[in-house]
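Protein chains in written order, with numbering that gives the first Met the number 0: chain A, 0 to 262; chain B, 0 to 262.
What follows is one structure encoded as C-alpha cells, with my remarks underneath.
Number of protein chains: 2
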Amino acid sequence: MKRIIIAVLVITGLACSRTDTLQTLVDARWIDLTHSFEENTIYWPTNKPFSKDTVFYGLTDKGYFYASFIYSAEEHGGTHFDAPLHFGHPGSPTVEQIPLEQLMGPGVVVDVSEKALEDRDYLVSVADFLAWEDSHGQIPDGSIILLRTGYGQFWPDPLAYTGTSLQGDEAVAHLRFPGLGPEAAQWLVDNRNIHLIGIDTPSIDRGQSVYFKAHRILCAAEISICENVANLDKLPESGSFIIALPMKIKGGSGAPLRIVAML
Amino acid sequence: MKRIIIAVLVITGLACSRTDTLQTLVDARWIDLTHSFEENTIYWPTNKPFSKDTVFYGLTDKGYFYASFIYSAEEHGGTHFDAPLHFGHPGSPTVEQIPLEQLMGPGVVVDVSEKALEDRDYLVSVADFLAWEDSHGQIPDGSIILLRTGYGQFWPDPLAYTGTSLQGDEAVAHLRFPGLGPEAAQWLVDNRNIHLIGIDTPSIDRGQSVYFKAHRILCAAEISICENVANLDKLPESGSFIIALPMKIKGGSGAPLRIVAML
C-alpha cells in the first residue's frame with residue numbers, strides 16, 4: 000500500500016507541474032499594479048508630460064469606424080522601469096537586455112506606510128527588511144521587493160504625492176516623498192539576491208535626494224527599479240507572484256511598465 | 000487505506016495550488032514573443048516610425064553617470080495590441096479597460112506556415128482551426144490563439160515581411176502578407192470563447208485587405224488583437240500559457256505590447 004501512496008504522490012506531483020499549474024494560472028486572481036498613462040500622469044517635474052494625439056477617429060471613406068493615436072513620453076514617468084543604464088555606466092544593461100526571468104519573482108511587500116505617512120522624508124532601512132524577515136523568513140532569492148510607503152493613495156495629486164505642484168527646475172527642491180535609504184540599498188546588494196525592487200513613489204531615492212545614491216547602488220549592481228507602482232495596499236506581504244514587463248525599448252534607460260501580481 | 004490515499008490526494012492538491020504553483024512559476028521557462036522597439040521596427044507604411052531622442056547621456060555636474068531618453072510612437076507598430084476601439088465604435092473598450100484576466104490564457108498555436116510561405120495572400124480558415132482541434136481537442140475557453148504564418152522569420156526586412164519596402168500611401172497597395180480570413184474570424188466569434196488572437200505579421204487582416212473585415216468582426220465582438228508577434232516558432236502548438244501586457248494608455252485604440260509565454 001505504501002507503494003500505491005508513493006505512486007499517487009508522484010503522479011499528482013507530476014500533474015501539479017503541468018496541467019494543474021496551467022489551471023491555477025487560468026483561475027488565478029490578478030491585480031494590476033500599474034497607473035494609466037494619460038494627461039495627468041505624474042512625471043518628474045523637469046520632464047515633458049505624456050502626450051497623446053489623434054491620428055484618425057471616426058468613419059472612414061469606406062464606411063467603417065477607425066481610431067488611431069500617436070503618443071510621446073519620457074521613459075521615466077508614470078508606472079515605469081529603470082534599467083541599470085539609467086544611473087549606471089555606458090556598458091550597463093538596457094531595457095531590452097534584461098532577461099524575462101529577472102522580471103518576475105515572488106512578491107515581498109515591505110510595508111512602511113505607518114512611518115512614511117508621518118514623515119515625508121522617511122528612508123526605508125535595513126531594520127525594515129529585517130522586520131519583514133522576522134515575520135516571513137529570509138527574503139527569497141529572486142524576489143521582487145515592493146516598498147509600500149502609502150503614498151500611492153495620493154496618486155495623481157502632485158502636491159500630496161510628490162510634495163509640490165510646481166513644474167520645471169524650481170519644483171525639484173520642493174519634492175518630498177519617502178524612498179529607500181542608501182545603506183539599505185547597499186545591504187540588499189551585499190546580502191540578498193533579488194530580481195527587482197519597486198516603490199509607490201516617483202523615485203526609489205526620496206524626494207529630497209540630491210545624489211540619487213540608492214539608484215546608483217542598485218544600477219551598479221544591475222538591479223532594475225520599478226517606480227510609481229500602484230495598488231500595493233491590495234497585496235499581501237508575501238505569497239504573491241509579480242510579473243513586471245517594460246515596453247521593450249532597445250537601448251532604453253527605462254520604459255513604461257505594466258506590472259501585475261498573481262495572488 | 001482508501002481514506003489515506005484520498006487524504007494524500009487532497010493535501011498534494013492543496014499544496015499544488017499555492018507553494019508548488021509559486022515554485023513552478025519561479026522555475027518556469029519563459030519565451031519573449033516581443034520584437035524590440037528601435038529605428039528599424041516595422042510600422043504600417045503610412046505611420047510615423049518609432050523615434051527615440053536623448054534627454055541626457057553622460058556625466059552630470061555632480062559627478063555621476065546618468066542616461067534618459069524620450070520616445071514617440073504610433074500605437075499600431077512593432078509588437079502591439081489592438082483594443083476593440085481600433086475598428087469598433089466610439090463606445091468600444093480601450094486599452095486600459097481590458098481586464099487583466101482577458102490578457103492571459105492557454106496558448107493555441109495554429110501553424111499555417113507551410114501554406115502561407117507558399118502563398119503571400121494566404122487566409123487562415125475554419126479548416127485550419129479544426130485541424131488544430133483534431134490534434135489537441137477543442138480550443139479551450141479563454142485561450143489566446145496565435146497564428147503562426149512563418150513570416151516572423153523575415154522581421155525586420157520590410158520587403159520580405161510586408162511585401163514592400165516602399166513607405167507612405169503608395170506602399171499600401173503593395174502590402175502582401177497572410178492574415179485571418181473574415182469567415183474564420185466570424186466562426187471564432189460564434190463558436191469559441193477566446194481571450195485574444197495574435198499573428199506574426201503586421202495585421203490580422205492580410206496585406207491585400209481593403210475593408211479590414213477580420214479586424215472589424217473581432218473588434219465588434221470585443222476581442223483584442225496582437226500583431227507583429229515574435230518567436231512563434233519557439234512555442235509548442237499547445238501547453239503554453241500566454242501573458243500579453245500592453246502599455247496602459249488611457250483611451251488608447253492600441254499600445255506597444257510585451258507578450259510572453261510560459262512553457
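Where is the CB? At the ideal position from N, CA and C, for every residue including glycine.
Please read all numbers here as calculations on a predicted model, not as lab measurements.
**Counted within 10 angstroms of its Cβ, other Cβ atoms place Ser164/B as buried (16 or more) or exposed** = Translated into positions along the second sequence, residue 164/B becomes position 165. Exposed: under 16 other Cβ atoms inside 10 Å.
**Request:** Report yes if the C-beta of Pro83/A is less than 7 Å from at least one heavy atom of the ligand SAM; otherwise report no.
**Result:** Absence of the ligand SAM from the depicted structure is noted, as is the absence of any ligand whatsoever, leaving it without description.
**Contacts around Pro92/B, its chain only, beta-carbon distance under 7 Å, and the 5 residues preceding and following it disregarded** = In the second sequence, the residue the question calls residue 92/B occupies position 93. Once the five neighbours on either side are set aside, the close Cβ partners of Pro92/B are Ala82, Pro83, Leu84 and Glu221.
**Item:** Contact between the segment 178–195 of chain A and the segment 212–229 of chain A (3+ Cβ pairs under 8 Å)
**Value:** In short, these stretches touch, since the Cβ pair count reaches three.
**Prompt:** Does DSSP put Thr93/B in a helix, a strand or coil?
**Reply:** The sequence position of residue 93/B within the second sequence is 94, counting from 1. Residue state, collapsed to three classes: coil.
**Item:** Nearest-angstrom Cα separation, counted from Pro245/B out to Gly167/A
**Value:** As a working mapping, residue 167/A is identified with position 168 in the first sequence. As a working mapping, residue 245/B is identified with position 246 in the second sequence. So the two alpha carbons sit approximately 30 Å from each other.
**Request:** State the Cα-Cα distance for the pair Val111/A and Thr20/B, rounded to the nearest angstrom.
**Result:** In the first sequence, residue 111/A corresponds to position 112, counting from 1. In the second sequence, residue 20/B corresponds to position 21, counting from 1. Rounded to whole angstroms, the gap between the alpha carbons of Val111/A and Thr20/B is 28 Å.
**Message:** So, does the segment 29–43 of chain A touch the segment 24–42 of chain B, judging by three or more C-beta pairs under 8 Å?
**Reply:** The answer is no - the segment 24–42 of chain B does not touch the segment 29–43 of chain A, with fewer than three Cβ pairs under 8 Å.
**Request:** At 8 Å on the CB atoms, spell out the chain A contacts of Trp29/B, in chain order.
**Result:** Position 30 of the second sequence, counting from 1, holds the residue named residue 29/B. Per Cβ cutoff of 8 Å: Leu99, Glu100 and Met103.
**Request:** Check the Cβ-Cβ distances between Pro255/A and every residue of chain B, and say whether any is below 8 Å.
**Result:** For the purposes of this step, residue 255/A is taken as residue 256 along the first sequence, with counting starting at 1. For Pro255/A, the answer is yes, since a Cβ of chain B falls inside 8 Å of its Cβ.
**Item:** Contact residues within the segment 65–78 of chain A, judged by C-beta distance below 9 Å to chain B
**Value:** In summary, the residues of the segment 65–78 of chain A whose CB is separated from some CB of chain B by less than 9 Å are Tyr65, Ala66, Ser67, Phe68, Ile69, Tyr70, Ser71, Ala72, Glu73, Glu74, His75, Gly77 and Thr78, in the order they occur in the chain.
**Request:** Kindly say whether Ile242/A, judged by its beta-carbon, lies nearer than 8 Å to any beta-carbon of chain B.
**Result:** Counted from its first residue, the first sequence places residue 242/A at position 243. At least one C-beta of chain B is nearer than 8 Å to the C-beta of Ile242/A.
**Request:** Below 8 Å on the Cβ atoms is my guess for Pro177/A versus Tyr210/A; work out the distance and round it to an integer in Å.
**Result:** Residue mapping note: residue 177/A aligns to position 178 of the first sequence, counting from 1. Residue mapping note: residue 210/A aligns to position 211 of the first sequence, counting from 1. In fact, because the Cβ distance is near 17 Å, the residues do not count as touching under 8 Å.
**Request:** Using a Cβ-Cβ cut-off of 8 Å, state whether Lys249/A counts as contacting chain B.
**Result:** Indexing the first sequence from 1 puts residue 249/A at position 250. Lys249/A counts as touching chain B.
**Request:** Give me the Cα-Cα distance between Ala27/B and His173/B, rounded to the nearest whole angstrom.
**Result:** On the second sequence, residue 27/B is found 28 positions in, with the first residue counted as 1. On the second sequence, residue 173/B is found 174 positions in, with the first residue counted as 1. Their Cα atoms are separated by approximately 42 Å.
**Asked** By how many angstroms is the C-alpha of Glu236/A removed from the C-alpha of Glu132/A?
**Response** Your numbering for residue 132/A matches position 133 in the first sequence. Your numbering for residue 236/A matches position 237 in the first sequence. Looking at the two C-alpha atoms, the distance is approximately 11 Å.
**Request:** With a 10 Å radius around its C-beta and 16 neighbouring C-beta atoms as the bar for buried, classify Gly180/B as buried or exposed.
**Result:** Within the second sequence, numbered from 1, the residue matching residue 180/B stands at position 181. Gly180/B is buried by the Cβ-count criterion.
**Request:** Going by CA-CA distance only, name the one from Ala183/B, Tyr160/B and Ala184/B that's closest to Arg175/B.
**Result:** For the purposes of this step, residue 175/B is taken as the residue at position 176 of the second sequence. It is Tyr160/B.
**Asked** Helix, strand or coil: which one does DSSP assign to Tyr121/B?
**Response** The residue you call residue 121/B lines up with position 122 of the second sequence. Coil.
**Message:** Does the CB of Gly180/B have a neighbour CB from chain A at under 8 Å?
**Reply:** The sequence position of residue 180/B within the second sequence is 181, counting from 1. No, Gly180/B does not count as interfacial toward chain A.
**Member of Asn46/B, Lys47/B and Ser67/B whose CA lies at the smallest distance from the CA of Tyr56/B** = If you number the second sequence from 1, residue 56/B lands on position 57. Closest by alpha carbon: Ser67/B.
**Message:** Strictly under 8 Å for the Cβ-Cβ distance: is Ser252/A near chain B by that measure?
**Reply:** Stepping through the first sequence from its first residue, residue 252/A is reached at position 253. At least one chain B Cβ lies under 8 Å of Ser252/A.
**Request:** Can you pull the chain A residues whose beta carbon is under 8 Å from the beta carbon of His264/B, in chain order?
**Result:** Residue numbering for chain B in the displayed model covers 0 to 262; residue 264/B lies beyond these limits and cannot be assessed.
**Message:** With a threshold of 8 Å between beta-carbons, can Lys233/A be considered close to chain C, or not?
**Reply:** Absent from the structure is chain C; the protein chains it does hold are A and B.
**Prompt:** Taking 8 Å as the CB-CB limit, is Pro245/A close to chain B?
**Reply:** As a first step, residue 245/A must be located in the first sequence, where it is residue number 246. Cβ-Cβ to chain B under 8 Å: yes for Pro245/A.
**Prompt:** Ordered along the chain, which non-local residues of its own chain (more than five positions away) have a Cβ less than 6 Å from that of Ala184/B?
**Reply:** Here residue 184/B is taken as the residue at index 185 of the second sequence, counted from 1. Non-local beta-carbon contacts of Ala184/B in its own chain, meaning distances under 6 Å to residues more than five positions away in sequence, involve Ala213, Ile216 and Leu217 in chain order.
**Closer than 8 Å to chain B by CB, Glu169/A** = Taking the first sequence and counting its residues from 1, one reaches residue 169/A at position 170. Not one chain B Cβ lies under 8 Å of Glu169/A.
**Request:** Could you tell me the boundaries of the beta strand (DSSP E) in which Asp140/B lies?
**Result:** Residue mapping note: residue 140/B aligns to position 141 of the second sequence, counting from 1. Taken as a continuous stretch (DSSP letters only), Asp140/B belongs to no beta strand (DSSP E), as it is neither H nor E.
**DSSP beta-bridge partners of Ile241/A** = By one-based count along the first sequence, residue 241/A stands at place 242. Partner(s): Gly104/A and Ala260/A.
**Message:** Taking 8 Å as the threshold (C-beta atoms), are Ile198/B and Ser142/B in contact?
**Reply:** Within the second sequence, numbered from 1, the residue matching residue 142/B stands at position 143. Within the second sequence, numbered from 1, the residue matching residue 198/B stands at position 199. No, the pair does not count as a contact, with Cβ atoms beyond the cut-off.
**Prompt:** Leu158/A to Ala170/A, Cα distance in whole Å?
**Reply:** The residue given as residue 158/A occupies position 159 in the first sequence. The residue given as residue 170/A occupies position 171 in the first sequence. For Leu158/A and Ala170/A, the distance between alpha carbons rounds to 11 Å.
**Prompt:** Any idea which residues DSSP pairs His194/A with across the strands?
**Reply:** Position 195 of the first sequence, counting from 1, holds the residue named residue 194/A. None, per the DSSP bridge assignment.
**Request:** Measure the alpha-carbon distance for Gly106/B versus Arg205/A and round it to whole angstroms.
**Result:** Working through the second sequence from its first residue, we reach residue 106/B at position 107. Working through the first sequence from its first residue, we reach residue 205/A at position 206. Straight through space, the alpha carbons of Arg205/A and Gly106/B are spaced by roughly 42 Å.
**Item:** Neighbour flag for Leu24/A against chain B, beta carbons, 8 Å
**Value:** Here residue 24/A refers to the residue found at position 25 of the first sequence. Cβ-Cβ to chain B under 8 Å: yes for Leu24/A.
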